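Protein chains in written order, with the working numbering: chain U, 135 to 628; chain C, 135 to 628.
Don't be surprised by glycine CBs; every beta carbon is placed ideally from N, CA and C.
Because the structure is a prediction, the values reported are computed rather than measured.
What follows is a single structure, written as structure tokens, with notes after it.
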């Protein structure tokens with residue numbers, strides 16, 4: 135197999151993978167209520183074909199040969215290396231293990247659904263216990279690492295380790311806690327105008343307008359409605375987002391749209407010529423999240439964006455917003471207040487939600503805590519860090535789907551996304567002449583173009599840390615995030 | 135491979151085939167304008183996997199062994215036989231031929247598109263010439279038959295032959311021509327109220343209501359909009375229809391919805407336990423079409439249906455229909471008038487459109503006419519049978535997509551569908567106590583249940599002719615269709 139044949143093979147795998155994505159998108163957006171069984175079966179069939187192609191021994195042998203080919207360019211070699219890494223991961227487990235994992239994951243997911251219905255952690259606990267034992271085994275089987283959890287982190291954020299995350303979250307504790315204290319000490323903001331009645335169709339139209347404004351290409355994508363907003367890609371030329379519309383919560387639609395829009399801009403900007411290859415794919419979940427959060431927070435929760443957009447929004451909703459000043463609007467959309475639900479959290483408290491989960495996962499995988507102790511640990515941690523104690527399991531330990539899917543190591547990428555976003559955005563402001571002035575004139579095209587050049591077009595040709603150094607001159611640091619928050623809140627409350 | 139393994143293998147093929155259907159449905163209903171290239175590539179990849187699975191020599195060997203297995207039930211044996219027939223067809227041509235066919239079909243399709251843009255038959259002719267030469271070869275390679283065209287007919291309508299069709303279309307000529315003469319001799323109907331402005335959303339809502347009324351299950355299907363109405367099935371539990379809505383032509387939406395709804399009822403009624411097998415699939419295109427036309431014409435262009443529905447329709451569109459009587463409405467929706475376009479034809483002239491195409495295809499394949507003579511032949515035939523001569527190619531020989539796709543032998547199934555429909559419906563009226571009275575009370579459930587039992591649930595366990603005999607006591611005949619028309623028009627114009 136030469137490089138051309140390898141690329142063709144990967145393209146076929148991508149075609150099937152994207153077909154699965156179409157089936158899954160359709161499931162969330164269109165599927166009639168009684169049609170789920172066959173759809174799951176069809177997805178399973180396509181998935182098994184992808185798995186078979188990726189784990190074919192002859193393919194593994196070809197990769198091992200090809201990676202030694204001296205005529206490969208660096209980018210080509212990197213692609214083959216990353217594919218070989220995937221191959222090894224995929225073939226690392228014997229069939230018995232794979233079947234067991236699939237069984238226990240399915241069991242845990244259904245137990246989680248059931249437990250949520252009953253608002254009872256105990257209905258989830260035994261299945262999660264079995265799954266955690268398996269995940270420990272999985273982390274061990276994935277090879278040597280300083281910490282077994284590193285192997286799970288690496289699935290979502292290649293190169294990320296406990297050692298690095300411990301530093302980051304120590305900084306979060308040391309620097310964010312005082313900042314939160316400061317931000318919550320300001321006078322209480324009246325944000326009730328955000329939850330008046332906002333006509334759903336008008337919201338929808340405004341959401342589309344904002345997506346267009348940030349550069350989302352509707353000739354190669356579309357927005358639809360789904361219960362949980364998400365982005366999916368069928369190729370860089372067909373990247374779709376979903377959002378939800380809540381008549382009485384205007385924010386719900388808008389920031390979901392922008393967040394998913396940021397993810398979608400990334401996928402629309404991946405190099406088409408590298409379709410199916412690592413170099414044509416996203417770099418890591420942290421980098422993916424950096425793109426959604428950069429637009430959602432650094433852009434769309436700051437002044438410049440709304441200096442242009444707020445008058446447009448007011449035109450659409452004069453009754454609701456006539457008496458609201460831009461400054462009051464900015465305060466309302468930047469309200470800092472602790473709550474128990476991660477997905478409803480403000481952009482500061484959010485990282486404590488993640489930190490709690492990170493600490494739990496790390497301890498679970500290293501074996502220094504057991505599932506039986508989890509609820510108590512969770513509730514105590516919320517008490518400690520957010521000053522709130524869940525009154526029930528639904529608003530506590532049952533709120534996230536991730537563990538029930540067997541996803542351990544995923545949560546940290548959310549915080550990494552925010553911190554990368556701040557560091558990238560700080561650099562963009564240095565690189566782009568009068569960026570904020572341009573944003574306040576409704577022009578974000580240079581920002582998008584900067585992201586395209588520096589991030590999107592690079593696909594997965596390096597690790598996130600390397601990219602960060604290449605763009606900003608240093609690896610990930612917390613202080614750009616702190617600076618961004620301080621600067622914004624100083625302006626809000628000066 | 136035992137029967138169980140065969141069934142599992144077929145189920146996998148069906149899963150991939152239905153995934154292609156999802157991608158294709160999405161293409162017609164949702165695809166952004168710039169996303170077509172990768173979508174075509176993805177469909178091609180899945181199609182090649184299906185082809186590979188269906189033509190695998192080891193699969194063929196297994197089928198040949200399995201068909202001899204004395205423990206198989208009749209139904210099982212029939213499934214294996216039909217699959218073996220498909221296998222032989224698929225492996226009948228060498229690679230060179232398959233590549234050439236694919237190339238020439240693609241060329242002809244693009245030439246057809248181009249010719250339509252230019253309204254110029256000459257831009258299509260050379261590509262069609264090459265394709266016809268290939269189709270002659272294909273018909274020959276498919277084996278011995280009384281007439282080479284039989285082999286092409288068999289692809290769409292297993293068991294159908296030139297000999298049988300010649301009889302049918304001779305009857306059409308002898309019996310339909312005088313009937314048309316009679317029907318067009320009646321006073322001219324004023325149907326202009328059908329082309330007033332009908333609010334599109336209200337049309338849409340009424341279309342959904344009618345689909346529900348005929349028994350279409352929206353928990354296992356949905357209706358969307360597309361340029362050309364179609365039905366697609368992802369399993370009997372997810373059968374979707376599309377329609378189009380034209381503000382100034384109420385009929386366009388409604389009869390498309392009902393026609394596709396009839397197709398969809400068939401697919402929703404196929405036996406789930408036979409998923410992926412011939413016994414879980416439709417019997418022939420003629421039988422499929424019989425289901426759409428039975429609902430579209432025999433039910434929804436006759437009195438009983440509208441005795442119930444017309445007051446509901448009037449409620450929705452009081453301005454447009456207040457002064458219209460049921461009888462005038464019935465005359466308007468049964469207006470008989472020749473025109474040049476097959477898809478816009480009334481239910482009598484329609485069969486002359488089909489007959490002209492049938493005669494041309496037969497002569498082309500047997501070699502008694504050449505593509506160079508086609509336009510003249512076409513125009514003369516329209517003159518002869520419909521008394522109209524196309525003024526240009528768009529309203530003449532360029533109107534259909536079929537030949538450009540290489541589909542020769544498809545057109546006759548449209549007429550067969552109408553005639554089967556009339557014969558089945560005549561039987562249903564004998565079998566169901568006071569069917570028309572029930573329909574006039576808005577209850578079509580017994581009719582659907584009769585179709586489920588007698589047709590849908592049978593899948594492809596026999597040939598159409600056999601089914602017709604089983605249900606009606608005789609093979610296909612034209613006179614039930616003639617009776618249905620005469621009865622309706624006698625009432626309309628008595």
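Item, Value
"So, residue 411 (chain U) versus residue 291 (chain U), is the Cβ gap smaller than 8 Å?", "no"
"Hey, out of U:555, U:337, U:616, whose CA is closest to residue 601 (chain U)'s CA?", "U:555"
"Do the CB positions of residue 430 (chain U) and residue 389 (chain U) come within less than 8 Å of each other?", "yes"
"What residues in its chain sit with their C-beta under 7 Å from that of residue 258 (chain C), if we drop five residues either side in the sequence?", "245, 246, 249, 532"
"Please return the same chain residues whose Cβ sits closer than 7 Å to the Cβ of residue 210 (chain C), not counting the five positions on each side in sequence.", "137"
"Classify residue 275 (chain U): buried if its beta carbon has 16 or more other beta carbons within 10 angstroms, exposed otherwise.", "exposed"
"So which residues of chain U does residue 149 (chain C) contact, with C-beta pairs closer than 9 Å?", "172, 175, 176, 177, 178, 179, 180"
"Ignoring anything shorter than 3 residues or poking outside the stretch 313-372 of chain U, list the beta strand (DSSP E) runs there in chain order.", "357-359, 365-369"
"Leaving out five residues on either side along the sequence, give the residues of the same chain with a beta carbon under 8 Å from the beta carbon of residue 378 (chain C).", "359, 360, 361, 362, 363, 386, 387, 390"
"State buried or exposed for residue 311 (chain C), treating a residue as buried only when at least 16 other CB atoms are found within 10 Å of its CB.", "exposed"
"Please report whether the beta-carbon of residue 152 (chain C) lies at a distance below 8 Å from any beta-carbon of chain U.", "yes"
"Give the residues from the stretch 371-387 of chain C that approach chain U closer than 7 Å (Cβ to any Cβ), ordered along the chain.", "371, 372"
"With DSSP as the reference, label residue 274 (chain U) as helix, strand or coil.", "helix"
"For residue 168 (chain U), which residues in chain C fall below 7 Å Cβ to Cβ?", "353, 354, 371"
"Identify which residue in U:307, U:204, U:522 has its Cα closest to the Cα of residue 474 (chain U).", "U:522"
"With 8 Å as the threshold, decide whether the Cβ of residue 157 (chain U) is near any Cβ in chain C.", "yes"
"Taking the alpha carbon of residue 560 (chain U) as the point to measure from, which residue in U:307, U:241, U:538, U:612 has its own alpha carbon closest?", "U:612"
"Which residue from C:199, C:173, C:260, C:222 puts its Cα closest to that of residue 509 (chain C)?", "C:260"
"Chain C partners of residue 164 (chain U), CB-CB under 7 Å?", "356"
"Find the residues of chain U that neighbour residue 160 (chain C), judging by a C-beta separation of less than 8 Å, and give them in chain order.", "156, 160"
"With respect to the alpha helix (DSSP H) encompassing residue 440 (chain C), which residues constitute its N-terminal and C-terminal limits?", "437-450"
"Mind pulling the chain U residues with CB within less than 7 Å of residue 146 (chain C)?", "179"
"Report the residue ranges of all alpha helix (DSSP H) runs contained in full by the stretch 180-259 of chain C; include only those spanning at least 4 residues, in chain order.", "191-200, 208-224, 229-252"
"Are the beta-carbon atoms of residue 406 (chain U) and residue 370 (chain U) separated by less than 8 Å?", "yes"
"Pull the bridge partners of residue 376 (chain C) from the DSSP assignment, please.", "C:358"
"Are there three or more Cβ pairs, one per stretch, closer than 8 Å when the stretch 136-155 of chain C is compared with the stretch 587-600 of chain U?", "no"
"Under the three-state reduction of DSSP, which class applies to residue 619 (chain U): helix, strand or coil?", "helix"
"Using only CA atoms, which one of U:156, U:166, U:190 lies nearest to residue 176 (chain C)?", "U:156"
"Give the single residue among U:464, U:540, U:492 whose Cα lies nearest to the Cα of residue 265 (chain U).", "U:540"
"Answer yes or no: does any C-beta atom of chain C fall closer than 8 Å to that of residue 364 (chain U)?", "no"
"Below 8 Å between beta carbons: does that hold for residue 434 (chain U) and residue 470 (chain U)?", "no"
"Which of helix, strand or coil does DSSP assign to residue 415 (chain U)?", "coil"
"Tell me, to the nearest whole angstrom, how far the beta carbon of residue 598 (chain U) is from that of residue 417 (chain U); I am working on the premise that it is less than 8 Å.", "6 Å"
"Report the CB separation of residue 354 (chain C) from residue 169 (chain U) in whole angstroms; it is logged as a contact under 8 Å.", "6 Å"
"Using a beta-carbon distance cut-off of less than 9 Å, what residues from the stretch 181-195 of chain U approach chain C?", "182, 183"
"Taking residue 604 (chain U) as the reference, which of U:576, U:558, U:621, U:566 has the closest Cα?", "U:558"
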